[in-house]
Amino acid sequence: MKSIFVLGIVLVSCAFGQNCPTRGLSADSRKAILDKHNQLRSQNALGQSLDGSTGRNAPKAKNMYKLSWDCELEKIAQSWADRCQFQHSPSSLRNAGENLYMSWPTVQNDGPAIKAADSWWGELTKIGVGAYSPDFKLTNGLFSKGVGHYTQMAWARTTKLGCGHAKCSNMNLVVCNYRETGNYMDQSIYEIGNPCRQDSDCTTFQNSRCSAKEGLCYIAGGKCGQFNVGLNRTVSA
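Below, the structure is given as structure tokens:
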């Protein structure tokens, strides 16, 4: 597996909704991918995600945000996936983080798009973080271990997700884009601490609220801040 990393900072506006006009994913698939991301982020925030490097659960997360679907990011991801090339898009085209996933073309449904999230998150279980970076900051040494897909998925400040899926002649290709991006070197993947239990616990963005059952914060009204540009990719047999 090979990972690539790029940085940048820009300002954006956000789009919302799961009824996007892009044709690559069904509404059910959008919901499944989004729910899977948020389920895994919630498990992490609540201290229920196994870290393979320590054999213990990863620390609980403070100020981890719930993702919402972004039609703009989906459109960008689908447009790139339709090229059927397993390589990253230029950062200037998306202004967002990017994860790639490839599987063989034998499955002709939305399964690969849903499986991608589990594959990316599996880096926490298979490789882990805590033994290499106990404070859960992303360092060059940690990134070189091959956990960049997980760290993007778990990046606490990320609030938007949009994915595309192309059924190519030689592969199924899944592209997911994230804002704010993760994988910003020497920054925290997430802040170690207790997950939110009330709105006042959510302090990263203005107009934040708490979903106490999930331990995740969310932005009321969907306001966004700055984001960085980063990317990762993985191949699955």
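According to mature numbering (1 follows the signal peptide of the UniProt record, and there is no 0), the stretch in the sequence shown is residues -17 to -1, 1 to 220, in order. Glycine residues also receive a C-beta, built at the ideal position from the N, C-alpha and C atoms. Remember, predicted model here, so these are calculated numbers, not experimental data.
Can you list, in chain order, the residues of its chain with a C-beta nearer than 7 Å to that of residue 137? Leave out the 5 residues immediately preceding and following it. 24, 27, 172 and 173
Express the C-alpha separation of residue 65 and residue 52 in angstroms, rounding to a whole number. 20 Å
So what's residue 139 in DSSP terms, helix, strand or just coil? coil
Residue(s) in a DSSP beta bridge with residue 45: 174
My output table needs one value for residue 156: the three-state DSSP class, helix, strand or coil. strand
Suppose you measure from the CA of residue 4 to the CA of residue 14; what does that come to, to the nearest Å? If you take the alpha carbons of residue 4 and residue 14, they lie about 15 Å apart.
Using DSSP bridges, identify the partner residues of residue 221. In this structure the chain extends from -17 to 220, so residue 221 is not present and cannot be described.
Which of helix, strand or coil DSSP assigns to residue 72: coil
Just to confirm my understanding: we take residue 29, look at its own chain, exclude 5 residues before and 5 after, and list those with CB closer than 7 Å. What are they? Around residue 29: 43, 178 and 198.
Find out if the Cβ-Cβ distance for the pair residue 130, residue 106 is shorter than 7 Å. Going by C-beta atoms, residue 130 is nearer than 7 Å to residue 106.
Between residue 108 and residue 169, how many whole angstroms is the CB-CB distance? I'm expecting something under 8 Å. Not quite, the Cβ-Cβ distance comes to about 25 Å (not below 8 Å), so this is no contact.
Assign residue 180 to buried or exposed, taking buried as 16 or more other Cβ atoms, counted over all protein chains shown, within 10 Å of its Cβ. exposed
Which whole-angstrom value describes the C-beta separation of residue 67 and residue 145, a residue pair presumed to lie in contact below a C-beta threshold of 8 Å? The Cβ separation is near 19 Å, so there is no contact.
Between residue 113 and residue 60, is the Cβ-Cβ spacing less than 7 Å? In this structure, residue 60 does not lie closer than 7 Å to residue 113 by Cβ.
Where in the segment 77 to 131 do unbroken runs of the alpha helix (DSSP H), each at least 4 residues long, occur, reported from the N-terminal end onward? Taking only runs of at least 4 residues, the alpha helix (DSSP H) segments lying wholly in the segment 77 to 131 are 94 to 109 and 123 to 126.
Counting only the same chain and skipping the five closest in sequence on each side, list residues whose C-beta sits under 6 Å from that of residue 99. Beyond the five residues adjoining it in sequence on each side, residue 99 comes within less than 6 Å, by CB distance, of 84 and 157 in the same chain, given in chain order.
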